[in-house]
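What follows is a single structure, written as structure tokens, with notes after it.
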Amino acid sequence: MRTKKIPLQGDAQLEGPLYFDRCAVTTVEPDERLQAAAMTNHAGGGHVSSSVHDPGVESIVTVDHVTKRFGELVAVDDVTFSLHPRTVTGFLGPNGAGKTTTLRVLLGLAEPTSGEALILGRRYASLDHPVRRVGAVLESNDFHPRRTGRDHLRVLAAAADLPISRVDDVLELVALQPAAKKPVKTYSLGMRQRLGLAAALLGEPDLLILDEPANGLDPVGVRWLREYLRSFADGGGTVLVSSHVLAEVAQTVDRVVIIDRGSVVADAPLDEVAGRGQSLEDAYLELTAEAAS
Amino acid sequence: MRAQLASEVIKLRSTRTTTALVGSMLALIVTVVLLHGYALPAANVETPSDQLTFLIGWGEVLGALFAGLFGAISFTGEVRYGTIRPTLLVTPRREDVVAAKCVAASLTGLAFGVIATTAAAIAGRIALAVRGLDDTLNSGDYVLFILGGAVASALWAMIGLGVGAVVRSQVPTVVGLVIWVLFVESILVENAPGLGKFAPSALGQTLSGLRPDTLLAPALGALLLAVYAATALVAGTLMTSRRDFV
Chain A
4 MRTKKIPLQG DAQLEGPLYF DRCAVTTVEP DERLQAAAMT NHAGGGHVSS
54 SVHDPGVESI VTVDHVTKRF GELVAVDDVT FSLHPRTVTG FLGPNGAGKT
104 TTLRVLLGLA EPTSGEALIL GRRYASLDHP VRRVGAVLES NDFHPRRTGR
154 DHLRVLAAAA DLPISRVDDV LELVALQPAA KKPVKTYSLG MRQRLGLAAA
204 LLGEPDLLIL DEPANGLDPV GVRWLREYLR SFADGGGTVL VSSHVLAEVA
254 QTVDRVVIID RGSVVADAPL DEVAGRGQSL EDAYLELTAE AAS
Chain B
4 MRAQLASEVI KLRSTRTTTA LVGSMLALIV TVVLLHGYAL PAANVETPSD
54 QLTFLIGWGE VLGALFAGLF GAISFTGEVR YGTIRPTLLV TPRREDVVAA
104 KCVAASLTGL AFGVIATTAA AIAGRIALAV RGLDDTLNSG DYVLFILGGA
154 VASALWAMIG LGVGAVVRSQ VPTVVGLVIW VLFVESILVE NAPGLGKFAP
204 SALGQTLSGL RPDTLLAPAL GALLLAVYAA TALVAGTLMT SRRDFV
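These protein sequence lines are chains A and B, in that order. So the mapping is simple: our numbering equals the position in the first sequence, first residue as 1, plus 3. So the mapping is simple: our numbering equals the position in the second sequence, first residue as 1, plus 3.
Here it is in structure tokens:
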């Protein structure tokens with residue numbers, strides 16, 4: 004692994020400071036091995052899967068047979084998937100499918116009932132400087148309403164022992180500087196999403212885990228996010244993004260993991276899921292309907 | 004831990020919660036002390052012990068209560084607004100988060116105690132002067148009152164933090180602490196002093212020299228209150244470490 008500064012490709016036509024700044028990302032050696040990885044398609048059984056079997060490719064994230072029960076409710080049922088460098092993976096599923104619970108297990112906020120979820124081979128809580136490894140946005144409203152956006156970031160930067168300059172860097176990156184000294188209660192949903200993303204980017208992480216990041220963004224913001232995530236992955240980063248907006252996902256991701264009623268029903272490259280003469284939406288509805296029947 | 008503490012300091016300085024709590028505490032203390040100074044029969048506020056217990060003692064009781072509320076809200080507020088999630092993502096070692104909150108809350112509680120007892124002492128002297136009654140407390144009494152109140156409030160902030168970390172929900176925590184101090188303990192101390200003197204608010208009062216006839220000695224009171232604070236913190240840390248934050 005090596006770290007280098009990579010100029011992210013941006014859209015210079017975007018309004019105001021909503022452009023891509025330089026972002027330090029950790030890259031792995033280029034590996035075409037990913038492209039040549041073995042794939043297996045079990046279409047027809049209500050499950051599409053494809054795995055990268057090359058043992059030489061290190062998984063950034065490994066979710067291994069994770070089950071999470073809340074009393075009688077099985078929120079996540081034996082979920083297994085992995086993420087590899089330089090990919091954007093869409094994590095899809097209906098409301099209540101277990102996406103958010105899986106992400107919280109992965110980030111150490113919830114303990115799995117069985118199985119384990121590892122980032123760089125370790126549990127989240129065991130990572131050195133987790134903020135420098137992983138940037139996560141789980142809720143669009145995890146802010147104190149009276150605290151300013153800038154103070155929210157200062158709180159997190161201080162706890163992570165990051166320089167205050169990072170706060171201004173990420174505010175500029177997500178174009179929130181004009182509102183930085185206003186309380187979060189005055190922010191629109193889109194501004195809160197951008198503040199959450201700014202917090203995730205504070206530590207210049209290698210891995211982004213985003214739960215519904217496009218929710219509330221205007222078209223300019225959606226396009227910006229899409230291009231940002233693409234550039235982040237192309238620069239060596241890894242992204243796991245949950246979403247309901249399938250048309251948007253289809254433009255952004257390399258790979259999809261679809262989860263329904265707590266179980267994985269598809270785990271394959273996008274073109275394999277959506278490339279059989281049907282759109283991602285068609286494939287998604289078919290897969291989730293099959294799982295329900 | 005130093006980084007977490009710096010983060011906690013920014014947290015408490017970047018909202019109005021601390022200011023609002025101090026303002027409410029001061030308004031309540033001044034009102035209660037002035038009302039008691041005005042309404043109590045002169046015979047009940049003549050001796051140093053009575054002036055401490057029935058007049059300015061409210062400063063200690065309410066100071067410790069508000070310090071407890073501050074400690075509790077430093078945790079329950081994060082749960083209420085969801086900021087506990089980003090907090091734990093940055094610092095997944097949850098005991099470090101509770102430890103930083105403990106240091107921040109106890110130091111703030113110490114300040115709450117000094118402010119509360121000083122305000123009560125000033126309001127009490129004004130009330131006595133207006134009624135033409137003598138202030139029978141000497142400077143040693145005032146020093147014990149203020150220092151004892153500061154230590155009691157610091158310990159109460161830790162108790163509040165521990166209770167908040169166990170209960171997690173803000174409204175039940177705040178309402179529970181208020182009801183306990185103002186109603187449950189008052190009834191206990193009045194009706195079952197043998198039991199009531201071991202209750203946490205009563206122990207705080209011993210530190211300030213209140214009710215010397217019925218309560219424990221200040222040193223023993225401080226020790227017991229510290230045991231309560233430690234117990235609450237251990238319980239809060241264990242619960243925080245073991246439970247999910249979903």
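Where a beta carbon is used, it is the ideal one built from N, C-alpha and C, also for glycine.
| Asked | Found |
| --- | --- |
| Within the 8 Å Cβ cut-off, does Val-93(B) reach chain A? | yes |
| Applying the criterion that 16 or more other CB atoms from any shown protein chain within 10 Å of the CB defines a buried residue, is Pro-95(B) buried or exposed? | buried |
| Inspect the CB distances between the segment 283-290 of chain A and the segment 38-52 of chain B and report whether three or more fall short of 8 Å. | no |
| What residue from Gly-71(B), Glu-193(B) and Asp-247(B) has the CA that sits closest to Gly-165(B)'s CA? | Gly-71(B) |
| Is it right to say Met-4(B) is buried, meaning 16 or more other beta carbons lie within 10 angstroms of its own, or is it exposed? | exposed |
| Along chain A, which residues have their Cβ under 8 Å away from the Cβ of Gly-85(B)? | Glu-142, Asn-144, Asp-145 and Phe-146 |
| Give me the Cα-Cα distance between Arg-149(A) and Thr-139(B), rounded to the nearest whole angstrom. | 46 Å |
| Checking the sheet assignment: what are the DSSP bridge partners for Glu-119(A)? | Asp-67(A) |
| Taking the continuous alpha helix (DSSP H) assigned at Phe-69(B), which residues delimit it? | 60-84 |
| Looking at the C-beta of Thr-18(B), does it have a partner C-beta in chain A at a distance below 8 Å? | yes |
| Report the neighbours of Pro-133(A) on chain B: residues whose CB is nearer than 9 Å to its CB, in chain order. | Leu-92, Val-93, Thr-94 and Pro-95 |
| Which same chain residues end up closer than 7 Å to Ala-235(B) when comparing Cβ atoms and leaving out the 5 residues on each side of it in sequence? | Met-161, Ile-162, Gly-165 and Val-166 |
| Which runs of the beta strand (DSSP E) at least 3 residues long sit entirely within the segment 86-173 of chain B? Give them in chain order. | none |
| How about Leu-159(A): is its C-beta nearer than 8 Å to some C-beta of chain B? | yes |
| If you draw a straight line from the alpha carbon of Val-82(B) to that of Gly-152(B), how long is it in whole angstroms? | 29 Å |
| For the putative contact between Phe-186(B) and Ser-156(B), defined by C-beta atoms under 8 Å, what is the C-beta separation to the nearest angstrom? | About 20 Å; that fails the 8 Å criterion. |
| Compute the beta-carbon to beta-carbon distance between Thr-151(A) and Ser-172(B), rounded to the nearest angstrom, for a pair I have assumed lies under 8 Å. | Between Ser-172(B) and Thr-151(A) the Cβ distance is about 26 Å, and since that is not below 8 Å, they are no contact. |
| Spell out a yes or no on whether the segment 150-170 of chain A and the segment 202-216 of chain A are touching, meaning 3 or more CB-CB pairs, one atom from each, closer than 8 Å. | yes |
| What's the call for Gly-48(A), buried or exposed, on a 16-neighbour Cβ count within 10 Å? | The predicted position of Gly-48(A) is uncertain, since its pLDDT is 40 and thus under 50; no value can be drawn from it. |
| What residues from chain D crowd round Ile-182(B), counting only those whose CB sits closer than 9 Å? | Protein chains A and B are contained in the structure displayed, whereas chain D is not. |
| Please classify Pro-44(B): is it buried, with 16 or more other beta-carbons within 10 angstroms of its beta-carbon, or exposed? | exposed |
| Measuring only the C-alpha atoms, how far is Ala-39(A) from Ser-234(A)? | Any reading at Ala-39(A) must be qualified, since the residue scores a pLDDT of 31, below 50, and its modelled position is unreliable; the value itself is stated next. Distance between the alpha carbons of Ala-39(A) and Ser-234(A) is about 22 Å. |
| For Glu-114(A), which residues in chain B fall below 7 Å Cβ to Cβ? | Asp-247 |
| For Ala-203(A), which three-state DSSP category applies? | helix |
| Considering only the beta carbon of each residue, do Leu-121(A) and Thr-83(A) sit closer than 8 Å? | no |
| Return the first residue and the last residue of the beta strand (DSSP E) that Ala-269(A) is part of. | 266-272 |
| Which of the three DSSP states is assigned to Arg-169(A) in this structure? | helix |
| Considering just the uninterrupted stretch of the alpha helix (DSSP H) at Phe-358(A), what are its terminal residues? | This structure cannot settle anything about residue 358(A), because the visible part of chain A is limited to 4 through 296. |
| Does the count of Cβ pairs from the segment 117-133 of chain A and the segment 97-104 of chain A closer than 8 Å reach three? | no |
| If you count every other CB in all the chains shown that lies within 10 Å of the CB of Ala-15(A), and 16 or more means buried, which is it? | Confidence in Ala-15(A) is poor, its pLDDT being 32 and thus under 50, which makes the residue's placement too unreliable to answer from. |
| Would you report the Cα separation of Ala-168(B) and Trp-183(B), rounded to the nearest angstrom? | 17 Å |
| Taking buried to mean at least 16 other C-beta atoms within 10 Å of its own C-beta, is Val-55(A) buried or exposed? | Reliability fails at Val-55(A), whose pLDDT of 43 lies under 50, so the model's placement of it is uncertain and the value that follows must be treated cautiously. When all chains shown are included, Val-55(A) counts as buried. |
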